[in-house]
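In order, the protein sequence lines correspond to chains R and W. The first sequence lines up with residues 18 to 343 when you count with the working numbering. The second sequence lines up with residues 79 to 456 when you count with the working numbering. The beta-carbon is built from N, C-alpha and C at its ideal position, and this holds for glycine as well. Note sheet for the following structure.
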Amino acid sequence: MGIDTPPRGETIGGRDGANLSRGCRGVALTLGEGAVRRIFLLSVLVAWTILPPVESRGSPVGGLPDDFIRYGANAQKGFDTCAAPSTSAMSTWWPSSPYWDIGIYIGGSSRACAQPNLTPAWATAAHGVDGVRWGFYLIWVGRQAPCSGFSSRISSNPTTAASQGVSEADGAITAAYNLGFTGRNIYFYDLEAFTAKGALSCSTTTARTAAKAFVNAWVDRIQNFYGHQAGMYGSSCGSYANDWAAIANPPGTVWLAQFNNDPDVWGLSCVPDTNWVAASQRLHQYRGGHNETWGGVTIKIDNDCERGFITPHGHPISADPACVNE
Amino acid sequence: MKKRYWLSVWLLVVMVACGQPVSRTPQTAKPTPTPSSVNAPQVLDLQLLSPTTGWVATEAGVHLTTDTGQSWNEISPPNTDRKQLRSGHFLDTQRGWLVYETSHTVEGTEFTVYRTVDSGESWAPTKIAASADLTSPITIQFSDAAAGWLAATVQTSSNFSIGQLFYSADGGQSWTARSLPASGDLRPTNSTVAWMAGGPAREKLYVSRDRGNSWKPSAVSPPIEFRSSQPVFWAPRFLNNTSGILAVGYSGGRGGLSFYATSDSGARWRHSVTIESDSQNALGGHLIPDVVDEKTWFVADPNGSRIWKTTDGGASVEEISPNGLPRGIERLHYASATVAWVYATEGSCAQFKRECTSIHYLRRTTDAGQTWSDVIIT
Numbered sequence: 018m019g020i021d022t023p024p025r026g027e028t029i030g031g032r033d034g035a036n037l038s039r040g041c042r043g044v045a046l047t048l049g050e051g052a053v054r055r056i057f058l059l060s061v062l063v064a065w066t067i068l069p070p071v072e073s074r075g076s077p078v079g080g081l082p083d084d085f086i087r088y089g090a091n092a093q094k095g096f097d098t099c100a101a102p103s104t105s106a107m108s109t110w111w112p113s114s115p116y117w118d119i120g121i122y123i124g125g126s127s128r129a130c131a132q133p134n135l136t137p138a139w140a141t142a143a144h145g146v147d148g149v150r151w152g153f154y155l156i157w158v159g160r161q162a163p164c165s166g167f168s169s170r171i172s173s174n175p176t177t178a179a180s181q182g183v184s185e186a187d188g189a190i191t192a193a194y195n196l197g198f199t200g201r202n203i204y205f206y207d208l209e210a211f212t213a214k215g216a217l218s219c220s221t222t223t224a225r226t227a228a229k230a231f232v233n234a235w236v237d238r239i240q241n242f243y244g245h246q247a248g249m250y251g252s253s254c255g256s257y258a259n260d261w262a263a264i265a266n267p268p269g270t271v272w273l274a275q276f277n278n279d280p281d282v283w284g285l286s287c288v289p290d291t292n293w294v295a296a297s298q299r300l301h302q303y304r305g306g307h308n309e310t311w312g313g314v315t316i317k318i319d320n321d322c323e324r325g326f327i328t329p330h331g332h333p334i335s336a337d338p339a340c341v342n343e
Numbered sequence: 079m080k081k082r083y084w085l086s087v088w089l090l091v092v093m094v095a096c097g098q099p100v101s102r103t104p105q106t107a108k109p110t111p112t113p114s115s116v117n118a119p120q121v122l123d124l125q126l127l128s129p130t131t132g133w134v135a136t137e138a139g140v141h142l143t144t145d146t147g148q149s150w151n152e153i154s155p156p157n158t159d160r161k162q163l164r165s166g167h168f169l170d171t172q173r174g175w176l177v178y179e180t181s182h183t184v185e186g187t188e189f190t191v192y193r194t195v196d197s198g199e200s201w202a203p204t205k206i207a208a209s210a211d212l213t214s215p216i217t218i219q220f221s222d223a224a225a226g227w228l229a230a231t232v233q234t235s236s237n238f239s240i241g242q243l244f245y246s247a248d249g250g251q252s253w254t255a256r257s258l259p260a261s262g263d264l265r266p267t268n269s270t271v272a273w274m275a276g277g278p279a280r281e282k283l284y285v286s287r288d289r290g291n292s293w294k295p296s297a298v299s300p301p302i303e304f305r306s307s308q309p310v311f312w313a314p315r316f317l318n319n320t321s322g323i324l325a326v327g328y329s330g331g332r333g334g335l336s337f338y339a340t341s342d343s344g345a346r347w348r349h350s351v352t353i354e355s356d357s358q359n360a361l362g363g364h365l366i367p368d369v370v371d372e373k374t375w376f377v378a379d380p381n382g383s384r385i386w387k388t389t390d391g392g393a394s395v396e397e398i399s400p401n402g403l404p405r406g407i408e409r410l411h412y413a414s415a416t417v418a419w420v421y422a423t424e425g426s427c428a429q430f431k432r433e434c435t436s437i438h439y440l441r442r443t444t445d446a447g448q449t450w451s452d453v454i455i456t
């Protein structure tokens, strides 16, 4: 399974700049040249006053760097946190820590932490100010496994589950856009282990069938409708991640959680190395919540190793990838 | 005339700008690099039992001192993989428990709890089999010789916080699975009551009054200046069944930490004092508290720049500028008003994003935190 480029589709958020020259030629045929010039200049003045600059229309904070336009492959270390750290913490960690990328929860019905820092300005500062160039895993955490103990759940009915997958995808796209991620992104859906909050109230088969329908719809919507890349996060075993390999629309990248303290993306339980084999299809969350201090700043993080897609396009892939060969 | 007019306007603007009052925002204490010294081993767990006694667990084993660290005695249970140690708790130098994560497969997790009543001369094991995928943090505590509380974390993403409790009523010989509302900082008051500060950002406080069978949320009213801040709870320290001290950190904008006291077993918490910090130290107001008794409390800035101390229940607070307090504080234990241990870990990279290592520090103070020196386990 190698998916290196997404299928083309509608690009959400693409907006052309205002074309102020339309219609001027037709007007000149009926009015004098001086009047046309005055009307034109007056129109320019009005447009300049009421319309935001073209470069900021897709980016609420005055525009992101040119490379912030699409996801790309990466092979470095990253981390994820429940709530986005402050801009100052991110600025300190960029030169001081071994991490290149951060996973951020952009929304979803199961999102637990308040996000006082997660704003378009934060995203801009984290990738494009003073040489700070964090990459991101955009994470959407919505409905969880059918019949599980989570309060927000996927339906056990596959048809309903599929429609829920579509809705979740729409929500993720909108949330990312509102944060200024207007290019082509990769979106990870956080689907936890089915029994993380106790035993299922239906059969495991029922739950897995519905979950597959949900994931299939999520991926289909993200990739085939919006033209982005869809990823899935989950426990390598408890989320039945290997089920995703056989659905009609498998996720392009999987982010597998197995807290074995070994960064390697291969050799993970329950997902054979024969699935998601291309060089940029896997991320591995290998250590759970703990504090780390770099540059004198402490953040509680989970550790990740990347051999997959992130947003924006990845950093230069080192001949000695920082996390893969450790 | 026009030139003089505009020159006057310019001068006026400059005078007004230069005459603005100086901001009263306190200067951010710049973190000072940790002075280089002996690199400690990675500490798996530790406990300071008294000013002169304590134990430290590393991958080299569990070591006990009874003479302020002048000498150490290894007390590790035999035939154990020392890397598997996750937590320990001693009631005194004789009676203690250690929990090892002895197996972890897709089917579940197995713990082995070792107990001793003779300072580690002999150990008795008990296995606990859990069908869940459990991970750190894992902590074990005994409120007395019989009642044990073993808390573990269900593996999830950073967005979730799910815990699993095992309770023992017979000194660790047998364990029963109980519920936990979250993963985090658990501290029992007695055999029946325990408190849990948990959640993805440890933003919630819970109490159980029935040996962990059920949990209820508990809340405190934050100081006015932190009404819009995210709280970070530390499980309260109870001096007896009714009197306890609770520390709550606040983050988001202004950082700080407040102490609350209760005299009715935690039914109500009364605000005592708030220590404000301007450290924008990421999430959770990472100021680190420690409670010695009902009047003596300490707070450390995790970047090692300051310690605050009160010995009168918050009526007055003294700020200490420590010498040798490391950055990246993970554990802070005061055994008295003057003696404490600290364990810290700080990472650094020799090149941009490359050759990154973590340095560990294990240090002690005998002057309330003014000066810190290395603890060397020999």
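- Under the 8 Å Cβ criterion, the region 283 to 303 of chain R does not count as touching the region 240 to 247 of chain R, having fewer than three qualifying pairs.
- Rounded to the nearest whole angstrom, the C-alpha separation of Ala-179 (chain R) and Gly-159 (chain R) is 14 Å.
- Thr-223 (chain R) carries a helical assignment under DSSP once its states are collapsed to helix, strand and coil.
- Counting C-beta atoms within 10 angstroms of its own C-beta, Thr-352 (chain W) has 16 or more neighbours from the protein chains shown and is therefore classed as buried.
- Under the criterion of beta carbons closer than 8 Å, Trp-227 (chain W) and Gly-186 (chain W) do not qualify as touching, at roughly 20 Å.
- The beta carbon of Ile-240 (chain W) sits closer than 9 Å to some beta carbon of chain R.
- Counted as a single uninterrupted DSSP element, the stretch harbouring Gly-200 (chain R) is not any alpha helix (DSSP H), since DSSP gives it neither H nor E.
- Under DSSP, Ala-325 (chain W) shares a beta bridge with W:Trp-312 and W:Phe-337.
- By the Cβ neighbour-count rule, Ala-202 (chain W) is exposed, with fewer than 16 other Cβ atoms within 10 Å of its own.
- Under DSSP, Ser-246 (chain W) forms a beta bridge with W:Gly-226.
- Annotation: Thr-221 (chain R) to Gly-313 (chain R) spans about 46 Å, alpha carbon to alpha carbon.
- For the region 207 to 268 of chain R, the continuous beta strand (DSSP E) assignments of 3+ residues that do not extend past its boundaries occur at 246 to 252, in sequence order.
- Of the candidates W:Asn-237, W:Ile-218, W:Ala-224 and W:Phe-238, the residue whose Cα lies closest to the Cα of Ala-230 (chain W) is W:Ile-218.
- Apart from sequence neighbours up to five positions away, the residues of its chain that approach Glu-209 (chain R) with a beta-carbon distance below 6 Å are Gln-161, ordered along the chain.
- Only residues of its own chain outside the window of five on either side were considered, and among them Cys-99 have a CB closer than 7 Å to the CB of Ala-129 (chain R), listed in chain order.
- Relative to the Cα of Ser-256 (chain R), the nearest Cα in the group W:Gly-406, W:Val-184, W:Val-377 and W:Pro-155 belongs to W:Val-184.
- Proximity of chain W to Asn-202 (chain R) at the Cβ level (cut-off 7 Å) is not reached, the minimal Cβ distance being about 19 Å.
- Collapsing the DSSP output to three states places Asn-401 (chain W) in a strand.
- In the same chain as Ser-105 (chain R), and ignoring 5 residues on each side of it, no C-beta atom comes closer than 6 Å to its own.
- Taken through DSSP and simplified to helix, strand or coil, Gln-161 (chain R) comes out as strand.
- Under the three-state reduction of DSSP, Phe-326 (chain R) is assigned to strand.
- The C-beta of Thr-221 (chain R) comes no closer than 9 Å to any C-beta of chain W.
- Among the residues facing chain R, Glu-281 (chain W) is included, as its CB has a counterpart in that chain under 9 Å away.
- By the neighbour-count criterion, in which 16 or more other beta carbons inside 10 Å mark a residue as buried, Arg-170 (chain R) falls on the buried side.
- DSSP places Trp-201 (chain W) in the coil class of the three-state scheme, outside both helix and strand.
- Only Tyr-250, Ser-252, Cys-254 and Gly-255 from the region 244 to 263 of chain R bring a Cβ to less than 8 Å from some Cβ of chain W.
- Pro-301 (chain W) is outside the set of residues whose beta carbon lies under 9 Å from a beta carbon in chain R.
- DSSP, reduced to helix, strand and coil, places Lys-431 (chain W) outside both helices and strands of the structure shown, so it counts as coil.
- Measuring C-alpha to C-alpha distances from Ala-297 (chain W) to each of W:Thr-267, W:Ala-313 and W:Glu-424 identifies W:Ala-313 as the nearest.
- Annotation: Ser-239 (chain W) to Leu-258 (chain W) spans about 10 Å, alpha carbon to alpha carbon.
- Trp-117 (chain R) reaches chain W at Lys-431, counting residues in chain order whose Cβ is nearer than 7 Å.
- Three or more Cβ pairs drawn from the region 374 to 384 of chain W and the region 396 to 412 of chain W lie within less than 8 Å of each other, which places the two stretches in contact.
- When Cβ pairs closer than 8 Å are counted between the two stretches, the region 191 to 201 of chain W is seen to touch the region 142 to 160 of chain W, the count reaching three or more.
- From the beta-carbon of Gly-333 (chain W), no residue of chain R is found nearer than 8 Å; the closest lies around 10 Å away.
- Beta-bridge analysis with DSSP links Leu-410 (chain W) to W:Val-420.
- Contacts with chain W (Cβ-Cβ distance below 9 Å) from the region 274 to 291 of chain R involve Ala-274, Gln-275, Phe-276, Asn-277, Ser-286 and Cys-287, listed in chain order.
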